[in-house]
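Undergrad: So that we are looking at the same thing, I have put the structure below in structure tokens.
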Amino acid sequence: MAQALQASHKAGFERARVQRAFRPQAAASQSSSTSSTVPKPKWAGDDLLSRVVNVAIDSPLFGLLKEGARKRIKDTAERRGVPWQQRVLELERSGVFELKEEIEDKSLAYPSYYTRAFHGYDEGNLSWLAALEAEPATDVMALLPWAKNELTLTGPAAQARLRQATLTAIRKFAADNNLKEPRSILDAGCSVGICTRWLAGEYPHAEVTGMDLSPYMLAVAELRERQWEQQHAAQQPGALPVAGPRAGGAAVGADAAPGAVQRRRITYRHGMLERSGLPSRSQDLVAVQFLIHECPAAIISQMIRECKRILRPGGALAFVDINPDSAAGRSMPPALATLMKATEPWTDEYYFFPLEEEMAAAGFRHVTNREIDPRHRIVIGHLA
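According to this note's numbering, the residues represented by the sequence shown are 484 to 867, in order.
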């Protein structure tokens with residue numbers, strides 16, 4: 484397995500410039516929402532600084548920029564007490580590798596946008612290294628909005644703050660619009676299942692499905708679900724102790740979400756949101772968390788249309804992701820922006836994508852854009 488990981492980490496990937504039909508500035512000028520009038524960062528779109536940043540990324544410096552971005556994330560983890568390497572080693576010893584064969588749909592054809600290098604990995608999310616590092620990386624992502632002002636905040640506490648803010652926003656939107664409690668929930672782009680477990684804990688009677696394009700990520704998610712089943716069984720009256728691996732920990736493990744012990748089992752599905760294969764009108768809530776900043780504009784539009792198809796009347800669609808209008812993003816130093824864009828090839832398209840307008844045009848009502856922390860937002864709407 485060590486050889487496989489090394490090969491995955493070192494695999495070469497020639498990064499070619501993508502010729503985009505989508506024009507960020509044009510989309511911004513067509514938008515009429517209040518949020519779209521907020522100036523976007525100068526390192527995104529067609530501004531001079533953005534073009535300079537993109538030239539650096541498309542140059543032979545890309546390899547160094549990519550490694551610099553990953554090093555920054557790992558250094559942040561170590562400074563804030565996130566046991567990055569320990570979590571990776573625990574997962575390597577957990578039996579997770581066998582689960583990929585069980586959950587992978589080998590007939591699935593991966594879209595070209597997903598086979599690019601991103602997040603600092605040559606193979607993107609289609610690698611074991613990306614999957615093994617996803618949990619500590621997500622802790623760092625939750626910490627970053629507070630890194631400068633709350634020096635003692637831990638990864639688990641930041642994770643809980645982010646997830647609770649998200650769920651509170653969804654609950655408030657549902658209450659404001661008299662929406663019913665969801666019976667069926669899709670967590671699209673679920674990665675290793677962190678968001679999915681929080682949703683399942685919040686809605687313990689709902690059938691929750693986690694969908695992702697990476698069978699490596701889904702293997703970790705399924706491992707956590709089996710660990711949760713073991714823990715749940717051990718807590719029943721008269722149950723004998725259950726032996727088994729317990730990789731990870733409370734910060735991102737199966738017991739991360741409040742109420743998780745009482746919930747239903749999560750089902751994980753290998754697939755893509757834009758062509759989900761789910762029945763029409765089968766879901767009450769679709770949550771798309773930290774996914775669309777990794778996608779080209781045309782794919783985001785397809786996702787919105789697919790969500791309209793699979794949602795029941797009154798169903799809600801919630802996008803949780805980087806906030807393009809945040810003060811933190813606009814003030815990001817060019818050096819950091821370069822590192823970030825080196826690992827996120829679709830940043831320009833995402834930052835200028837008129838998400839609220841696209842949702843409204845597709846038939847979603849009362850589309851609301853709400854900040855959930857200094858770097859992230861939720862955009863949510865519902866069908867009639």
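All C-beta atoms in this analysis are idealised placements derived from N, C-alpha and C, irrespective of residue type, glycine included.
It should be emphasised that the depicted structure is a prediction, and the values quoted were computed from it without experimental measurement.
Could you check the C-alpha separation between alanine 648 and alanine 600 for me, to the nearest Å?
TA: Each residue's Cα considered, the two are about 31 Å apart.
Undergrad: In angstroms, rounded to a whole number, what distance separates the CA positions of leucine 866 and alanine 770?
TA: If I take the Cα positions, the gap works out to 14 Å.
Undergrad: Counting C-beta neighbours from all protein chains within 10 Å, is the total for serine 667 16 or more, i.e. buried, or is it exposed?
TA: Buried: at least 16 other Cβ atoms inside 10 Å.
Undergrad: List, from N- to C-terminal side, the alpha helix (DSSP H) runs of 4 residues or more that fit wholly inside the region 578-629.
TA: Fully enclosed alpha helix (DSSP H) runs of 4 or longer: 579-586 and 611-626.
Undergrad: Rounded C-beta distance between valine 565 and proline 628? I'm assuming under 8 Å.
TA: That belief does not hold up - the Cβ atoms of valine 565 and proline 628 are roughly 15 Å apart, past 8 Å.
Undergrad: Where does isoleucine 805 sit, in a helix, a strand or coil, going by DSSP?
TA: Correct three-state label for isoleucine 805: strand.
Undergrad: With glutamate 708 and isoleucine 749 assumed to form a contact (beta carbons below 8 Å), what rounded beta-carbon distance in angstroms separates them?
TA: Contact holds; Cβ gap of about 5 Å.
Undergrad: DSSP three-state label for methionine 823, please.
TA: Methionine 823: helix per DSSP, three-state reduction.
Undergrad: Do arginine 746 and proline 687 have their C-beta atoms within less than 8 Å of each other?
TA: Closer than 8 Å, so yes.
Undergrad: Does the Cβ of alanine 704 have 16 or more other Cβ atoms within 10 Å, making it buried, or fewer, making it exposed?
TA: By the neighbour-count rule (16 or more Cβ atoms within 10 Å), alanine 704 is buried.
Undergrad: Using the DSSP secondary-structure output, state which residues sit across from tyrosine 833 in a beta bridge.
TA: According to DSSP, which records beta bridges pairwise, tyrosine 833 is partnered with nothing at all.
Undergrad: Between the region 690-706 and the region 754-773, do at least 3 Cβ pairs fall closer than 8 Å?
TA: Output reads yes: the region 754-773 touches the region 690-706.
Undergrad: Assuming valine 579 and alanine 702 form a contact by the criterion Cβ under 8 Å, report the distance between their Cβ atoms to the nearest whole angstrom.
TA: Between alanine 702 and valine 579 the Cβ distance is about 5 Å, and since that is below 8 Å, they are a contact.
Undergrad: In terms of residue numbering, what span does the alpha helix (DSSP H) encompassing isoleucine 861 cover?
TA: Here isoleucine 861 belongs to no alpha helix (DSSP H); instead the beta strand (DSSP E) covers 859-865.
Undergrad: To the nearest whole angstrom, what separates the beta carbons of glutamate 777 and tryptophan 829, a pair I think is in contact under 8 Å?
TA: Right, their Cβ atoms sit about 6 Å apart.
Undergrad: Anyone know if the C-beta pair for arginine 858 and serine 809 falls short of 8 Å?
TA: Yes. Within cutoff.
Undergrad: Rounded to whole angstroms, what's the CA-CA distance from asparagine 852 to alanine 671? Just pull it up for me.
TA: The straight-line gap from Cα to Cα measures roughly 19 Å.
Undergrad: With 16 other CB atoms within 10 Å as the buried threshold, where does aspartate 804 fall?
TA: When all chains shown are included, aspartate 804 counts as buried.
Undergrad: Please identify the residue among Thr637, Trp611 and Ala614 whose C-alpha is closest to the C-alpha of aspartate 622.
TA: Closest option to aspartate 622, Cα to Cα, is Thr637.
Undergrad: Have a look at phenylalanine 656 and arginine 576 and give me their C-alpha separation to the nearest angstrom.
TA: For phenylalanine 656 and arginine 576, the distance between alpha carbons rounds to 42 Å.
Undergrad: Cutting at 7 Å between CB atoms, please list the residues of its own chain near serine 784, excluding the five before and the five after it.
TA: Same-chain partners within the cutoff: Glu841.
Undergrad: Tell me whether the beta-carbon of serine 595 lies closer than 8 Å to the beta-carbon of tyrosine 604.
TA: Not closer than 8 Å, so no.
Undergrad: Kindly indicate the opening and closing residues of the beta strand (DSSP E) around serine 667.
TA: 667-671 is the span of the beta strand (DSSP E), which, as asked, contains serine 667.
Undergrad: Taking only runs that begin and end inside the region 734-793, name each unbroken beta strand (DSSP E) of 3 or more residues, in chain order.
TA: The qualifying runs are 750-753 and 766-772.
Undergrad: According to the neighbour-count rule (16 or more other Cβ atoms, all chains shown, within 10 Å of its Cβ), is serine 674 buried or exposed?
TA: Its Cβ being crowded by 16 or more others within 10 Å, serine 674 is buried.
Undergrad: May I ask you to report which of helix, strand or coil DSSP gives leucine 800?
TA: In the structure shown, leucine 800 sits in a strand (DSSP, three-state: E or B).
Undergrad: Have a look at Tyr597, Met700 and Ala617 and flag the residue whose alpha-carbon is nearest the alpha-carbon of glutamate 587.
TA: Of the candidates Tyr597, Met700 and Ala617, the one whose C-alpha sits nearest the C-alpha of glutamate 587 is Met700.
Undergrad: I believe leucine 645 touches glutamine 766 by the beta-carbon criterion, under 8 Å. Please report the beta-carbon distance rounded to the nearest angstrom.
TA: About 23 Å separates the two Cβ atoms, so there is no contact after all.
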